[in-house]
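Worksheet: one structure, shown below.
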Amino acid sequence: MCIFVSLNIICKMKKKTVNRLNGIVAAAVFAVSACVYLLTIEPTASFWDCGEFIASSYKLEVGHPPGNPVFQLFARFFSMFTGPEKAAVAVNAMNAILSALTIMFLYLTIVFFAKRLLKPKDADGYSPGKVVAMLGSGVVGALAYAFTDTFWFSAVEGEVYAMSSLFTALVFWAMTRWYETANRPYANRWIVLISFLMGLSIGVHLLNLLAIPALVFMFYYRRPESRNYTFKQYLLVFLLSVAILAVILFGIIPYLPKFAAYFDLFFVNVLGLPFNSGAVFFMVALLGLCFWGLFRTLKQGKVLLNTALLCFTMIVVGFSLFSIVVIRSSAKTPTNEYQPDNPFTLVRYLGREQYGSNPLIYGHYFDADYDIEATKYWAPMGDRYISADGPGDVVYDAKDKMLFPRMWSSDDKHIKFYRSYMDPTHKKPTFGENLSYFFDYQMNWMYWRYFMWNFAGRQNDIHAPSPGELFAGNWESGIKPLDEFRLGDQSDAPDYLKNNKGKNHYYMLPLLLGLIGIFFQFARDKRGNWLTFLMFFMTGIAIVVYLNQPPYQVRERDYAYAGSFYFFSVWIGLAVAAVYSWISERISSSVISSACASATSSIASEAKGRVEKSAIDITIASAVTLLLLGVPALMASENWDDHDRSNRYTAVEMAKNYLNSVGPNGILVTHGDNDTFPLWYAQEVENVRPDVRIANTSLLGTDWHIDQMKWAVNESAPLDLSVGPEQYLYGTNEYIYIYDEREQALLLSDVMRVFRHPKVKISLSSGRKVDYIMSRQLILPVNKENVIKYGILDKKYEDMIPDQIVLTIPKGKDYLTKPELFMLDLLSNYQWDRPINLLSMGGDINIGIKDYLMYEGFSYKFVPIKNKTKSTDIGFADPEDLYHKMKNVFSWDALKRTDYYVDYQNFYTFCGVLSQRNVFVNAAKEMLKIGDKERAIELLDMCQECVPETNFPLDVTYMGFSNEYMVIDMIETYYQAGASEKALALAQRFMDQIFASSEFFLGYYDVAKREFEACYNCISYIADLTDHYGDDAYADEIRGRFNSMLDIEEE
């Protein structure tokens, strides 16, 4: 008897012991992931939306639609215990912790599925070997996902995707807990919790709702395991799950605010109460009805109805956190996107109205005929709502609609790309051509490519906007024959391609493990396999179908499919259970047989056999786990160097330089995300230059952004604007016609006075009357005293200041955009009492302002001196002021560090969008204009220090930037300043890199013609340049080297 008791202790593990071990290993997985992420977080705000998210969270402001109040509350909590300079790292650390929690819940989920695959033969408990295999499955799968390219990227920055992933992981794990405890009392509390989490997750990202179909199937599967299901039953369950998803996505989210809005309309316009009073009444009444219904159903013993109503209530309670958005917007916070301070605007905010929508199942193609159908909407004006004209709904001709429309965008660049999939004789894409585009671009390039990045390997981190690129953005396994078959031999590629830190090779091992896991789970647990596949599909391929993305995305979109990669990692983990089972089943019978043969009694033989089998099982499970742990270890080692963002401060340093290029109380006109969001962060969090007003032209097409220009914000005074909101409301004056009959210059203030007059309009052919601009030549008086007093120009330029300037709108321009209207309104009231700076020479403000811009290093200042600029010249600048800023105002500390990874976004920003070499060269040229060669050389030397070649190679031809021409300009400026030795040394280093590139691209001339010709142009320029400045020997060397490369005999 004692033998069997000991045997059970040795060979079986009770559930309580297994659960305790499971908890310990889960904590260890969390600790490992957290340490990795915390060691590699970015110490400040990153590019793209991170600056906006951190800024809006730090002061609980309003970010871009559809909002993320739950993320903001968490981020605010984490950052409130730090100083402003540490707020960003606090939010990034929060995301690191949340991501580690996601990995922990993934581990627990994998163990749940592994238990179903390695069920014990009796109720006494699991064998130790199976326990090790189950826990090992969880560890391998969870750590593999932890070190994937996509998830690691989002784990170390201040975006919402880390928290969104946590909600998806938490909800699915909670459902597994319900599944395991469904027969116990109060088990449905897990379903109530899931409902609350679903409601909260809406305030982070809508991706979490895609878990609903799998949750419904899991609920259905809790019926007897032995029961078989028909296809009809599966279909009905799936339709039910889709219906629940639709109720939340297309019912609760849009219609609860709509009901609140119409209650508010009645309370405000009829009862004369303040804005939002009706919305508050509606929410109180709704929650009151919910609680009354809960009380009644509980009293009447209607369990199912009570549970359903409780779930609905919890979703509403979670969703109600969007009231924070309305409250904070009403407080007129500095960042207040879409200004959703009332329920009607909140409805449009949640609907992402400003981004438009894409056709999904049935809709138009790119060249479809359409009409604009008039629309109305309710807008707050004064103390009531008014019915305003909307922008109109686009109604497409029925003959131009089709099933599954993938080629829908009317952008000329997109149409050209679409036509590459079409027969040249077709004006309208066929269904087959739509499918061709769908499978090749949307599925293969925009999903499977990202999938392979994470589980096979990645070529580099260079953004590739379209298929067909050989040298950038592809997946690359590290298996040489396979990679060369697909991409050719790239062993001689330029260093920035060949040794790009984003080149990560996993040799397809994670993919192989995932496939093993899929087939093993399918063979042993078809229900679990279906649940995993459904989540994999809904968070991956279903999103591809829903997004219906046009070509040429501005950035890689792999983050949208992180959930799909999460559930593929479940299968990676289950590969441990598969390999263990395969080996164990083949060894166990031989072990027991040999043990029985050598034993002297039946009891002893059975005991010996079971003990030996248990020991061998543990050994097998441990060996398999340790062996397969090599896969996540490989992924970690490959990915560390390009996911380690520590010591990277470049985005915020750039933002500070932008702000510091502007004078006191100035206005800075920006254009896109990356030249705006980091600036918001610098102002709102670190309190850098709060006196500067940022006006973003991408947002100036909206009424709310123009409204906010009239507010005092931080230390920035309001802008003096005269056009009333009725003329720039959403849907009003989106385009303003130019009707210039006189062809004479008029005072801008008079032109705008006529524009504002309610009775002065022109009639269109449709009979509609619209506002217009009555002249192309606009006179702007100059207050000379203010120009000097407020530092717009130095006193030394006093004699050059005219009494007035004339802005000339180009002849071919027939209308103005709303941002251009804003700028004319601003200038019509301008007293030259605060600087106006633009980040580029006019950008998307094409009203003749380019002729009056002065170069300030990181921006251009509007000045009353005509700029005699050429297309390649910066035009007018103040050399002394520019030198002072370069040496004493602008910061270069982050840029010149060599202990951080310069990823593609930094390359693109500092070598392309705003070439830092160009900034230095321009300043050096200004020194040459005043005859100061010494300071010109000083600035060029400073450029080489602050823009080091180790971070920013002299040649990045493939990326298509203007970087190489900036280097050539720098070499020539060295020559002009008399520093011939430095010029020659730089030219030699440059040519070494260029020749390496040209030799490589020559071998791929058919697909790299542009790159080779760009290299040739650089070689030709440097040869002529060195020849011109007396280094003819090196010029001859260059020409000889080029001829040798082409096997051309010199005459």
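The sequence shown: position 208 = 188 (my numbering), numbered continuously. Idealized CB from N, CA, C, for every residue including glycine. In this text the structure is predicted, and so the values were computed from the model without any measurement.
Residue i vs residue j beta-carbon contact at 8 Å
| i | j | result |
| --- | --- | --- |
| Thr1033 | Lys905 | The requested residue 1033 is not part of the displayed model; the chain covers only -19 to 1031. |
| Glu22 | Phe657 | no |
| Tyr17 | Ala68 | no |
| Val50 | Gly138 | no |
| Pro45 | Glu317 | yes |
| Gln973 | Asp935 | yes |
| Gly1032 | Arg438 | The structure shown has nothing for residue 1032, since the chain only spans -19 to 1031. |
| Thr130 | Phe545 | yes |
| Lys798 | Asn676 | no |
| Ala142 | Asn188 | no |
| Leu679 | Leu728 | no |
| Phe981 | Ile1002 | no |
| Ser702 | Asp805 | yes |
| Met518 | Ala167 | no |
| Asp783 | Val762 | yes |
Spatial distance of residue i from residue j (CA atoms)
| i | j | result |
| --- | --- | --- |
| Glu664 | Phe842 | 26 Å |
| Gly958 | Gly1010 | 12 Å |
| Gly855 | Tyr38 | 40 Å |
| Phe802 | Lys690 | 11 Å |
| Ile4 | Leu607 | 21 Å |
| Leu177 | His394 | 39 Å |
| Ala555 | Asp475 | 37 Å |
| Arg535 | His443 | 7 Å |
| Met(-7) | Arg0 | 11 Å |
| Phe(-16) | Ile224 | Its pLDDT being 33, under 50, Phe(-16) is placed unreliably by the model, and the measurement read from it follows with that caveat. In a straight line, the C-alpha of Phe(-16) is about 52 Å away from that of Ile224. |
| Ile171 | Phe261 | 29 Å |
| Asp377 | Phe431 | 38 Å |
| Ser820 | Ala635 | 15 Å |
| Leu964 | Met922 | 17 Å |
| Phe451 | Gln757 | 49 Å |
| Ile307 | Ser36 | 14 Å |
Residue i - DSSP class collapsed to helix/strand/coil
| i | result |
| --- | --- |
| Val869 | helix |
| Met(-19) | Because the pLDDT at Met(-19) is just 34, under 50, the model does not fix this residue reliably, and the value given afterwards should be weighed accordingly. Coil at Met(-19), not helix or strand. |
| Ser367 | strand |
| Pro440 | At residue 440 the sequence reads Asn, which differs from the Pro that was named. DSSP places Asn440 in coil when its eight states are reduced to three. |
| Ser975 | One point to set straight first is that residue 975 is Phe, not Ser, in the sequence displayed. In this structure, Phe975 counts as helix in the three-state DSSP scheme. |
| Ile21 | coil |
| Met488 | coil |
| Phe941 | coil |
| Phe1040 | In the structure as shown, the chain begins at -19 and stops at 1031. Residue 1040 is therefore absent and cannot be evaluated. |
| Trp425 | helix |
| Met(-7) | strand |
| Trp388 | coil |
| Leu(-13) | With a pLDDT of only 37 at Leu(-13), under the threshold of 50, the placement of this residue in the model should not be trusted; the figure read from the coordinates follows. It is helical. |
| Thr315 | coil |
| Ala988 | coil |
| Ala957 | coil |
| Glu1017 | helix |
| Trp510 | helix |
| Ala522 | helix |
| Leu1026 | coil |
| Arg756 | coil |
| Arg566 | helix |
Close-in-space but distant-in-sequence residues of the same chain around residue i (CB under 8 Å, 5 per side omitted)
| i | result |
| --- | --- |
| Trp425 | Ser446, Pro447 |
| Thr878 | Pro928, Thr930, Asn931 |
| Gly494 | Phe435, Phe548, Ser549, Trp551, Ile552, Ala555 |
Chain B within 8 Å of residue i, Cβ atoms only
| i | result |
| --- | --- |
| Gln724 | Included in the structure is just one protein chain, with no chain B present. |
Own chain partners of residue i with C-beta closer than 7 Å, once the 5 adjacent residues on each side are dropped
| i | result |
| --- | --- |
| Gly453 | Gln439, Ile442, His443, Ala444 |
Neighbourhood of residue i by C-beta distance below 6 Å, restricted to the same chain and skipping five residues each side
| i | result |
| --- | --- |
| Ile352 | Gly372 |
| Glu413 | Tyr401, Met402 |
message: As an exercise, report each continuous alpha helix (DSSP H) stretch of at least 4 residues that is fully enclosed by the region 584 to 671, in chain order.
response: 610 to 623, 630 to 640, 657 to 664
- prompt: Can you give, in chain order, each stretch of the beta strand (DSSP E) that sits fully within the region 325 to 386 and has at least 3 residues?
  reply: 342 to 344, 350 to 353, 356 to 361, 364 to 369, 373 to 376, 381 to 383
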